Amino acid sequence: MVAVDPGKVSHRVWLADRERGLIGEPVSVANSRVGMQQLAGLVGRRDPVFALEATGSLHRAFAGELERRWPGALRLFAPSETQAARAQIGARRFKTDDRDCAALVWLARQGAGRRAVASPVAALLAAVAHRRQLVLAQTPLRQRLHDQLNALAPGLSAPEGHGRALLLQTSTGRAVLACAIDFEGRAPSPRSLQTRAGGRLSDATAGFWSARWKDCLAPPADAALRASRLARDVARFWALREDIAFLDAQLEQLLAESEGQVLTSLPGVKVVRAAAFAAHSLPIERFPTPEHLYSATGLAPASYASATVRKRTAISRTGLPEHRDALMAIAWGLGRFAPAFQNRRRELAERGLTGIRARVALARHACRLCWRLLQSQQPYDDQRYDRARRDRGR
5 MVAVDPGKVS
15 HRVWLADRER
25 GLIGEPVSVA
35 NSRVGMQQLA
45 GLVGRRDPVF
55 ALEATGSLHR
65 AFAGELERRW
75 PGALRLFAPS
85 ETQAARAQIG
95 ARRFKTDDRD
105 CAALVWLARQ
115 GAGRRAVASP
125 VAALLAAVAH
135 RRQLVLAQTP
145 LRQRLHDQLN
155 ALAPGLSAPE
165 GHGRALLLQT
175 STGRAVLACA
185 IDFEGRAPSP
195 RSLQTRAGGR
205 LSDATAGFWS
215 ARWKDCLAPP
225 ADAALRASRL
235 ARDVARFWAL
245 REDIAFLDAQ
255 LEQLLAESEG
265 QVLTSLPGVK
275 VVRAAAFAAH
285 SLPIERFPTP
295 EHLYSATGLA
305 PASYASATVR
315 KRTAISRTGL
325 PEHRDALMAI
335 AWGLGRFAPA
345 FQNRRRELAE
355 RGLTGIRARV
365 ALARHACRLC
375 WRLLQSQQPY
385 DDQRYDRARR
395 DRGR
């Protein structure tokens, strides 16, 4: 048995067998072809079983090479399994690479672990994860642009509820940012705004922002320096939006090649939402029932049972937050655009469920629906769905 605790640069390796236990001293092998050749020399002509901790992207390349050289010999373990095994051998609070390897050997001796199976949606999952990181980076950047704009023209960029909001991703936002940079915070004319809009900007809209700008307080003394910094952040903002659009095109292509394409037949669910949910749900055969899929998202209520005490608390939050967010986004789209789910939302409102509680309730029905679509590969029919749910009394 070969236990491998992966790292970024090198992997910790233990060799053991059932009779003698640890063979030789633990070694560290490089995360490279040289390290793989060193590991092959240690294993020799034996028939090994590799126990590898699956730690995100750290293990994938090494696991792929192990499976290529020794087909069927690799067993993968989640970090939570390794932690639980450390507790069994009395080392839960004392984590080291060697203790992790000892836990992996202990698990492998019991025949635990799952085989390494190439995921059919690995490329889709990687694109979804990359896009999510870009979107998360866009939010603080947008907030920083508003802050810098308010420093150059105090009160111009008002938040929602305090006047007309400025949406930076629109042609109006592009024009306002460009004028703030070119005029260093001084109020532009309506014509200057229309020239820099990069799109259609009506006379009324340009006149509104020009008049509102003239009512702002004077820009600060270091306006020129602030404008130069704003220019660099604006360029970064538009480059980020171009990257997101590029990822959207990739997602559309990858989704069309997967079984998740059927989810785009749902009202209010397009490529991004369908790809985000499909990437974490496929292959759907992993979930024998819709309840298993719903539980994997972490939206199922947690339960507590002890003697005669029975409690159901808030959502369990198990699984990946990305999976949970994707299902909630699908439920939001269905609640707005699917007539059957609009009826469900009204029924929930009559029962006093609104806001996030209503969306969680809708998500449970949306999960059943998505599971069925992924299983049958039949597009969504709103009338058929509404008729079927009423026949079932749901």
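Position in the sequence shown (from 1) plus 4 gives the number in my numbering. For every residue, glycine included, the Cβ atom is placed at its ideal position computed from N, Cα and C. Nothing here was measured: the structure is a model prediction, and the numbers come from that model.
With residue i and residue j assumed to form a contact (beta carbons below 8 Å), what rounded beta-carbon distance in angstroms separates them?
i      : j      : result
Leu366 : Pro271 : Contact doesn't hold; Cβ gap of about 13 Å is too wide.
Gly45  : Ser14  : Actually they are not in contact, since the Cβ atoms of Gly45 and Ser14 sit about 16 Å apart, beyond 8 Å.
Cys105 : Asp9   : 5 Å
Arg240 : Gly202 : Rounded, the Cβ-Cβ distance is 17 Å, inconsistent with contact.
Leu244 : Gln142 : 5 Å
Ala131 : Leu251 : 6 Å
Gly378 : Glu263 : The question names Gly, but residue 378 is Leu in the sequence shown. Leu378 to Glu263, Cβ: 6 Å. Contact.
Would residue i and residue j qualify as a contact pair, given that the criterion is a beta-carbon distance under 8 Å?
i      : j      : result
Trp300 : Gly323 : Inspection of the sequence shows that residue 300 is occupied by Ala rather than by Trp. Cβ atoms of Ala300 and Gly323: closer than 8 Å.
Val109 : Ala249 : no
Ala55  : Met5   : yes
Trp336 : Arg361 : no
Pro194 : Gly211 : yes
Arg118 : Arg79  : yes
Leu303 : Leu331 : yes
Glu71  : Ala127 : no
Ala333 : Arg277 : yes
Leu352 : Ala231 : no
Val238 : Leu160 : no
Arg97  : Gln87  : no
With burial defined as no fewer than 16 other Cβ atoms inside 10 Å of the residue's Cβ, what is the status of residue i: buried or exposed?
i      : result
Glu23  : exposed
Thr176 : buried
Glu246 : exposed
Val313 : exposed
Val273 : buried
His399 : Absent from the model: residue 399. The displayed extent of the chain is 5 to 398, so no value can be given.
Pro383 : exposed
Ala184 : buried
Glu57  : buried
Pro223 : buried
Gly189 : buried
Leu111 : buried
Val139 : exposed
Measuring CA to CA, which of the options is closest to residue i?
i      : options                        : result
Ala133 : Ala282, Gln173, Lys218, Gly28  : Ala282
Arg236 : Gly356, Val125, Arg146, Gln265 : Arg146
Glu256 : Trp242, Arg73, Ala279          : Ala279
Arg16  : Asp207, Ala107, Ser269         : Ala107
Thr59  : Ala82, Arg113, Ser214          : Ala82
His284 : Cys371, Ala141, Arg216         : Cys371
Pro158 : Leu140, Arg204, Lys218, Ala201 : Lys218
Asp151 : Phe98, Ala353, Gln346, Leu181  : Leu181
Leu297 : Leu258, Thr358, Cys374, Gln137 : Cys374
Asp329 : Pro292, Arg136, Arg118, Val121 : Arg136
Val53  : Pro292, Ser84, Ala116          : Ala116
Ala169 : Glu188, Val31, Pro192, Thr209  : Thr209
Asn154 : Arg200, Leu172, Ala311, Val139 : Leu172
Ala260 : Val125, Ala311, Ala7           : Val125
Asp186 : Asp385, Arg233, Gln114         : Arg233
Looking at the ligand ZN, does it come within less than 7 Å of residue i, judged from the CB to the closest heavy atom?
i      : result
Ala131 : For the ligand ZN, the structure offers nothing, since it holds no ligand at all.
Can you check whether the C-beta of residue i is within less than 8 Å of a C-beta belonging to chain B?
i      : result
Ala116 : The structure shown contains no chain B; it holds only a single protein chain.
Q: Scan the region 54-89 and note each continuous alpha helix (DSSP H) run of 4 residues or more that stays entirely inside, going in chain order.
A: Runs found: 64-73.
**Q.** In chain order, each alpha helix (DSSP H) run of at least 4 residues that lies wholly inside the region 91-125
**A.** The qualifying runs are 101-113.
Q | Every unbroken beta strand (DSSP E) inside the region 292-371 [3 residues or more] | A | The beta strand (DSSP E) runs lying completely inside the region 292-371 and spanning 3 residues or more are 305-310, 313-319, given in chain order.
Q: Please list the segments of the alpha helix (DSSP H) lying wholly inside the region 213-287, counting only runs of 4 or more residues, in order along the chain.
A: Listed in chain order, they are 227-260, 275-285.
Q: Pick out the complete alpha helix (DSSP H) segments inside the region 142-191, 4 residues or longer, and give them in chain order.
A: 175-186, all fully within the region 142-191.
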